[in-house]
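> The numbers in numbering that gives the first Met the number 0 rise by one with no breaks, and the one at position 22 of the sequence shown is 21. For each residue, glycine too, the CB sits at the ideal point set by N, CA and C. Predicted model only: the values in this text are computed from it and were never measured.
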Amino acid sequence: MTNDYPAVPDPVPGESRGWAAAAHLVPLIGLSFVAPLVIWLIKRDEDVFVEYHSREALNFQITLIIYFIASVLLMLVLIGFILIFVVGIFAFVVMIVAGVKAAGGEFFRYPLNIRFVKG
Numbered sequence: 000m001t002n003d004y005p006a007v008p009d010p011v012p013g014e015s016r017g018w019a020a021a022a023h024l025v026p027l028i029g030l031s032f033v034a035p036l037v038i039w040l041i042k043r044d045e046d047v048f049v050e051y052h053s054r055e056a057l058n059f060q061i062t063l064i065i066y067f068i069a070s071v072l073l074m075l076v077l078i079g080f081i082l083i084f085v086v087g088i089f090a091f092v093v094m095i096v097a098g099v100k101a102a103g104g105e106f107f108r109y110p111l112n113i114r115f116v117k118g
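#1: Taking just the CA atoms, how far does Ile78 sit from Arg108?
#2: Quick one: residues in its chain with C-beta nearer than 6 Å to the C-beta of Ala34, no 5 flanking neighbours on either side, listed in chain order?
#3: Mind checking which residues open and close the alpha helix (DSSP H) that includes Leu72?
#4: Measure the Cβ-Cβ separation of Pro10 and Tyr51 and say whether it is below 8 Å.
#5: Since Ser142 is in the alpha helix (DSSP H), which residue starts that stretch and which ends it?
#6: Within a Cβ cutoff of 7 Å, which residues of the same chain sit near Gln60, ignoring the five residues on either side of it in sequence?
#7: Could you tell me whether the segment 62–77 touches the segment 98–118, using the rule of 3 or more Cβ pairs below 8 Å?
#8: With a threshold of 7 Å, establish whether the CB of Ala56 neighbours any heavy atom of the ligand MN.
#9: I'd like to check one pair, Pro110 with Val86: are the Cβ atoms closer than 8 Å?
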């Protein structure tokens, strides 16, 4: 797997780390794709680190919507009841990990993420 992370200053400034962590963690309180989208739109031309993390978080939130819709449809054949629980736990865990990595000035790529918004 290639390292396609953008070049950023070392260490990453605290403000950048805060915005990047917010892009991953604010959706946990129910703002879904809105928070990463707003952060991405505001910061994409100003800060490469924030742009990367907010884009990654936005793509993950869009992917989650698709996974949840698929889970609801699969409830007709009962597997969706288990799948929606698994997707929810998976999302919670990886969003926390992504937020911690961003706050630490590191890059993170969500597993099973469909990258709709390209950098």
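So, from the data block:
#1: 28 Å
#2: Val25 and Pro26
#3: Val47 to Leu73
#4: no
#5: Because the chain here runs from 0 to 118, residue 142 falls outside it and cannot be looked at.
#6: Pro26, Ser31, Phe32 and Pro35
#7: yes
#8: Looking at this structure, you won't find the ligand MN or any other ligand, since it has none at all.
#9: no
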